[in-house]
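Written below as structure tokens is the structure these notes are about.
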Amino acid sequence: MARPFASAHRLDVFEQEIAQFDAFQSVTQSTERIYQITPTHKQRVPYYTNEFWTSRQRQANPLHEISYRACFKPQLPGFFIDRLTLAGDVVLDPFMGRGTTPLEAALRDRIPYGSDVNPLSRYLLWPRLRPPQFDQVRHRLDSILWRHHGAIPEELLVFYHPETLRHICALKTYLEGRDQEGKLDEVDDWIRMVALNRLTGHSSGFFSVYSMPPNQAVSVASQRRINARRQQVPPARDVPGILLRKTKSLLRQSGIEGSARLKKLAAQARLMVARADYIPEVQDESVSLVVTSPPFLDVVDYAADNWLRCWFLGIQSEQLAITRPHRLEAWRQQMTSVLSELRRVMKAGGVVAMEVGEVRKGRVDLEETVIASAIESGLHVRMVMVQQQSFTKTARCWGVTNNRGGTNSQRIVLLSK
Ligand SMILES: C[S@@+](CC[C@H](N)C(=O)[O-])C[C@H]1O[C@@H](n2cnc3c(N)ncnc32)[C@H](O)[C@@H]1O
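Using the numbering used here, read the sequence shown as starting at 1051 and increasing by one per residue.
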């Protein structure tokens, strides 16, 4: 019989801890807001503001260190996983992106479930749940035939030296061949994941000449302009060397034992390519905690940003069914159907921690919309946590408004079933 999830009490204890939280010197400010949900329904919501997790904390596992637009720091899911679940519980993110929540869950001995409408997410996360050993990667890279005799996509020469582009094409052909023969293994999956993260970037650690990172790849025309402005020509890069260096860095805390532990959890993982409001692969009442961050209206264009990664994978980026509602009402409807689906898969007493940012210079209050959607879908609204933190470059580039005094805030709406 399933262990009852005693979260009603756990959430009370959690709320007390949050109200008294002072781990990073500042004390929590507590307040409340009253939301008029319908003409007859008012909802009181406690607000707790503090720095609940911080860059001063112990660094997260380096396995997280791949880039994805609007990803959150591993400390965010870590905070909730630690306090609201036990080892062996299922933790889900239905908008998983690079997979920060499921990876952090697995690193903390929870069963990772994740889903995203973008198939890229699975390619990014699955290999990091089954990390190979460094020497396996080195041997595999040595065994690849780095000559490419076929045609190369000439338009990509704005990013790459011809020899580098041939090496990238050789790797793409090798991976496609292994896939067709049904021989792709965890080492190949790993190499593909690392390559996806080295396609373009600012430094010699990437395959391209100076460009934007691979999660925000610019168009060919923009790269042509960047090259002209910087008077640059793509230099030759050592593709296997770059892959090996990034592998070393990602694996620097994953010993044989750590990898084996992760693989055990990976065997129970469920990773899906699906819309967040329809995840039939997840059983009713199976999930203890959801930590997630939906797209904030249409702030980020995930399909356009990932076009080069999609090329490498042979996916048509414009066919990705990534919804980008521009209007708040459409976003509200989407959130209501997502939260209804989450209510189905959650255990009684399970918790959703949904992170929303401030968009459109704070004129749009997304947490108010999440609160209305939660009530509509039958979830209880427990509190809003406002995470005050020092200003980060990432936050700035994804359109989250910074508050006064060089800080920015993330809002996490806590809901329970
Ligand atoms: C804010 S990002 C999540 C980032 C994630 N927290 C991380 O740390 O990487 C939102 C994600 O939602 C995905 N997405 C957009 N619309 C979706 C939908 N209808 N269903 C599922 N995923 C969707 C996007 O592809 C993107 O990966």
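Think of the CB as a built atom: it goes at the ideal place given N, C-alpha and C, for glycine as much as any other residue.
Computed from a predicted structure; not experimentally measured.
- Counting along the chain, N1277 sits inside the alpha helix (DSSP H) bounded by residues V1270 to R1280.
- Spatial neighbours of L1300 in its own chain (CB-CB distance under 8 Å, excluding positions within 5 residues in sequence) are listed in chain order as P1112, L1113, E1115, I1116, R1178, P1181 and V1244.
- At a Cβ-Cβ threshold of 9 Å, N1168 and Y1352 count as neighbours.
- By the 16-neighbour rule on beta-carbons within 10 angstroms, Q1070 is exposed.
- According to DSSP, residue pairing for T1088 in a beta bridge involves H1091.
- In this structure, the C-beta of C1360 stays at least 8 Å away from each heavy atom of ligand 1.
- If you compare the alpha carbons of R1377, I1194 and V1187 with that of V1237, the shortest gap goes to V1187.
- Counting only runs of 4 or more residues that sit fully inside the segment 1278-1308, the alpha helix (DSSP H) segments are 1289-1300, in chain order.
- When DSSP states are grouped into helix, strand and coil, I1202 belongs to the coil group.
- Listed in chain order, the non-local C-beta contacts of S1387 below 7 Å within the same chain comprise D1327, local neighbours out to five positions each way being set aside.
- Around the beta carbon of F1074, fewer than 16 other beta carbons sit within 10 angstroms, so the residue counts as exposed.
- Two segments are said to touch when three or more pairs of C-beta atoms, one from each, lie closer than 8 Å; by this definition the segment 1285-1295 does not touch the segment 1305-1317.
- Closest by C-alpha distance to E1335, out of F1102, G1399 and V1283, is G1399.
- Going by C-alpha positions, Q1281 is about 51 Å away from L1392.
- Put simply, the backbone Cα of I1306 is about 17 Å away from that of H1189.
- Annotation for P1344 indicates a beta carbon within 8 Å of some heavy atom of ligand 1.
- Every alpha helix (DSSP H) of 4 residues or more that sits fully in the segment 1114-1159 is shown, in chain order, as 1125-1134 and 1150-1157.
- Rounded to the nearest whole angstrom, the CA to CA distance from P1096 to K1467 is 17 Å.
- Cα atoms of A1286 and T1214: separation of roughly 6 Å, rounded to the nearest angstrom.
- For ligand 1, a non-hydrogen atom lies closer than 8 Å to the CB of P1144.
- When distances are taken from the beta-carbon of V1167 to the heavy atoms of ligand 1, the shortest one is below 8 Å.
- Annotated as distal: V1406 and L1464, with beta-carbon spacing of 9 Å or more.
- Between D1139 and F1257, the alpha-carbon positions lie close to 40 Å from each other.
- Under the three-state reduction of DSSP, Q1383 is assigned to helix.
- Straight through space, the alpha carbons of K1296 and N1277 are spaced by roughly 25 Å.
- Judged by DSSP in its simplified three-state form, E1405 adopts strand.
- According to DSSP, residue pairing for P1096 in a beta bridge involves E1082.
- With a threshold of 8 Å, the Cβ atom of R1280 does not count as near ligand 1, since no heavy atom of the ligand is closer than that.
- Inclusion of L1321 and R1108 in the CB contact set at 9 Å is not warranted, their separation being larger than that value.
- Your pair T1135 and S1338 checks out as a contact, with CB atoms roughly 5 Å apart and the cut at 8 Å.
- Judged by the Cβ position, G1147 qualifies as a neighbour of ligand 1 at the 8 Å threshold, a heavy atom of the ligand being closer than this.
- Shortest Cα-Cα distance from S1427 to any of V1395, V1436 and D1415 involves V1395.
- Between the segment 1265-1276 and the segment 1353-1361, the count of Cβ pairs shorter than 8 Å is three or higher; the stretches touch.
- Taking the Cβ of S1171 as the reference point, at least one heavy atom of ligand 1 falls within a distance shorter than 8 Å.
- Under the 10 Å beta carbon count, Q1384 is surrounded by 16 or more other beta carbons and is classified as buried.
- In this structure, DSSP gives D1351 a state outside helix and strand, which the three-state scheme calls coil.
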